[in-house]
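So the sequence shown is residues 1 to 98, counted in the UniProt record's numbering. A virtual CB, placed ideally from N, CA and C, is assigned to each residue, including glycine. Each remark here refers to the structure printed beneath this line.
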Amino acid sequence: MKINNRLSENNLRKPLEGEVLGTIIQLVGYDRAKVKCADNKIRICRIPGRMKKKIWLKENDVVLVAPWDFQADSRGDIIYKYEKEEVKKLKEAGYQIP
1 MKINNRLSEN NLRKPLEGEV LGTIIQLVGY DRAKVKCADN KIRICRIPGR
51 MKKKIWLKEN DVVLVAPWDF QADSRGDIIY KYEKEEVKKL KEAGYQIP
């Protein structure tokens, strides 16, 4: 039997260079969400096809955002959704969550 220990410190998905943490403030439709990011910018973020039906997003979820190369201040992609326990671990590690 395989045990999925997603919360171990080594497996916790931390923001890499060019990625920011954010909180979903509104789902706007057409696979997009309005996200308030840790750098105090509000971005319209695209929900990729690989996440659409596997991971359900709702308001106040903490997500990892990759800003686009162009329009970096207003657009981005949601690349990961954090669970409640993972959010606690991020706060303990010193990450600021908007």
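- Just measuring C-alpha positions, the residue of Gly29, Val62 and Asp77 sitting nearest Tyr95 is Val62.
- Here Arg32 is actually not in contact with Val65; their C-beta atoms are around 12 Å apart, not less than 8 Å.
- Contact annotation: Val28 and Lys36 have beta-carbon atoms that are not nearer than 8 Å.
- Lys58 sits in coil when the DSSP states are folded into three classes, being neither helix nor strand.
- When C-alpha distances from Glu59 are compared across Gly22, Gln26 and Ile78, the shortest belongs to Gln26.
- For Glu19, the closest of Trp68, Lys54, Lys53 and Lys91 by C-alpha to C-alpha distance is Trp68.
- Counted as a single uninterrupted DSSP element, the beta strand (DSSP E) harbouring Arg75 occupies residues Arg75 to Lys81.
- Short of 8 Å from the beta carbon of Asn40, and not among the five residues preceding or following it, lie these beta carbons of its own chain, in chain order: Pro98.
- Looking at the backbone, the Cα of Arg50 and that of Glu17 are separated by about 22 Å.
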